[in-house]
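First the structure, in the form of structure tokens, and then the observations on it.
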Amino acid sequence: MTSLGERLDRRIRSEGPLSLSQFMALALHDPEAGYYARRQPIGREGDYVTAPEMSQVFGELIGLWCAELWTRMGRPDPVMLAELGPGRGVMAEDLLRAAAAVPDFRRALRLHLVEASPVLRAEQERRLGRAEPRCVASLDELPPGPLLVVANEFLDALPIRQLRRGREGWSERLVGLDADGRRVFVGGPASRAAGLLVPERLRRTAEPGSVVEICPAALALAALLGERFAREPGAALFIDYGYGEARAGATLRAFRRHRAVSALDEPGEADLSAAVDFAAFAEAARAAGAAVSGPVTQRQFLLALGVEMRLAALAKGASPEVRARLEAGVARLIDPGDMGVLFQAIAVSSPSLAPAAGFEGGGAGR
Ligand code: SAH
């Protein structure tokens, strides 16, 4: 069988270099050999571990966040709750359990899962089947109506493009082949069009030689939610690793079995992701008419939602081992030297719902 790498190389030979977003889309989602098409990547046996997998408290607090917004929306019944990229379904499971503490909310809630991977869909079906989720491939398949959206580590998986400032101006960094047929980054032609893709502030100030990343799919999503929440009640919460102010620097990375590997060498075998530009995301949502809360660090957000109280309540009466596990999980989530600040939360909502719960203190995104 021809490997995905060989197919990509053949395509580059016949059509020329691919944009990084084309390369990423195929490496992650090729129906036969894409990374997400074939495997279950999350958890200790997979390639990386995510926040919901570290502590049940993460999903529970997000469930309470949803309940709080639902109340502020005027308690609509029914209300759609959509999770983007639910992975193994662990966060949704924890979220639903916490939502049950607000029975009217739990009853009104209709769970929707937006998932590209057939493997993960099957796992979500197993874990969440009792909640009768509706699975869709994209957010624009959802009917109109009051909507809550949650997503952890979804935006970082969307394909990006890279632009590089050279002596003759901006050009796109593409994936091509070198003289020996090895996959490498190559520079496209310098063009005004490439420069126009760069956020304005960076277009003028970026140092020669620097690389700027853009994520058209994330901006399109922000605009879609922004337009929707300008028209009808709703709020969306995104948690991801990223930065709060436009900046230059390549952040694309590849992970395989908890180790960093080359992004180009083994398409389909490694997870590819890039840091989220929250400033650009916020700007696209605002331009479409929605309000934006944050970004604030994951640490600030979880503390504001009462992570310590929740932990104390769970630890009470638990065995010493369970208590130690609960404490270790939460400590990782809010670690000021690691996840607690590398990850940030941002909310896009109808203007009347801002600032969203957990963001009331404002926040400089640090
Ligand atoms: N939220 C989960 C999983 C994060 S991994 C957690 O925190 O554990 C990224 C998830 O997004 C996976 O479920 C992946 O299959 C899904 N995904 C990636 N790109 C997608 C796309 N374009 N459309 C829908 N789902 C996508």
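Just so it is clear: in the sequence shown, position 312 is 300 by this note's numbering, and no numbers are missing. In this text, a Cβ means the ideal position worked out from N, Cα and C, and glycines have one as well.
Item, Value
"Going by DSSP, which residues form a beta bridge with Asp337?", "According to the sequence shown, residue 337 is Ser rather than Asp. In the DSSP output, where bridge partners are listed per residue, Ser337 has Ala223 and Ala279."
"Under the DSSP definition of a beta bridge, which residues are partnered with Met68?", "Arg98 and Leu135"
"Please give the ranges of any beta strand (DSSP E) in the segment 159 to 210, keeping only runs that are unbroken, at least 3 residues long and fully inside the region.", "171 to 178 and 199 to 202"
"Hey, quick one: how far does the alpha helix (DSSP H) through Phe347 stretch, first residue to last?", "No alpha helix (DSSP H) contains Phe347, which DSSP labels as neither H nor E."
"Less than 7 Å separating the Cβ of Val102 from some heavy atom of the ligand SAH?", "yes"
"Alpha carbon to alpha carbon, what distance is there between Ala316 and Ala363?", "Not covered by the structure: residue 363. The range shown for the chain is -11 to 354."
"Thinking just about the alpha-carbon of each residue, which of Ala270, Met61 and Ala119 is nearest to the one in Asp82?", "Ala119"
"Quick one: is the Cβ of Tyr24 within less than 7 Å of any heavy atom of the ligand SAH?", "yes"
"Assess contact between the segment 32 to 46 and the segment 10 to 21, defined as three or more Cβ pairs (one per stretch) separated by less than 8 Å. Is contact present?", "no"
"Out of Ala292, Pro177 and Ala211, point me to the one whose CA is closest to Arg274's CA.", "Ala211"
"Assuming Ala238 is part of the beta strand (DSSP E), what are its boundary residues?", "No beta strand (DSSP E) contains Ala238, which DSSP labels as neither H nor E."
"With distance defined between alpha-carbon atoms, name the residue in Pro132, Leu321, Ala267 and Glu(-6) nearest to Leu299.", "Leu321"
"Are the CB atoms of Arg359 and Glu103 nearer to each other than 8 Å?", "Residue 359 is absent from the structure shown; the chain starts at -11 and stops at 354."
"With a 10 Å radius around its C-beta and 16 neighbouring C-beta atoms as the bar for buried, classify Arg1 as buried or exposed.", "exposed"
"Can you tell me the Cβ-Cβ gap for Val336 and Val280, rounded? I've got them flagged as a contact below 8 Å.", "6 Å"
"Looking at the structure shown, is Leu(-4) part of a helix, part of a strand, or coil, going by DSSP?", "helix"
"Is it buried or exposed, Val295, if we count other Cβ atoms within 10 angstroms and call 16 or more buried?", "buried"
"So what does Gly230 bridge to, in DSSP terms?", "Val264"
"For His385, I'd like the list of residues in its chain whose CB is within less than 7 Å of its CB, leaving aside the five on either flank, ordered along the chain.", "An answer regarding residue 385 cannot be provided, because it is not within the stretch -11 to 354 covered by the chain."
"Would you identify the three-state DSSP class for Phe331, choosing helix, strand or coil?", "strand"
"Report all residues from its chain with a CB closer than 6 Å to the CB of Ile50; omit the five preceding and five following residues, and keep chain order.", "Leu83 and Val138"
"Run through the DSSP bridge pairs and tell me what Thr285 is partnered with.", "Gln332"
"What do you get for Ser307, buried or exposed, if any count of 16 or more other CB atoms within 10 angstroms of its CB means buried?", "exposed"
"Work out the CA separation of Ala263 and Leu165 for me, nearest whole Å.", "26 Å"
"Among Ala344, Leu184, Arg152 and Trp53, whose alpha-carbon lies nearest the alpha-carbon of Gly176?", "Arg152"
"Under 8 Å Cβ to Cβ from Ile155, same chain only, skipping five residues before and after it: list those, please.", "The sequence given here has Arg at residue 155, not Ile. These residues qualify, in order along the chain: Pro196."
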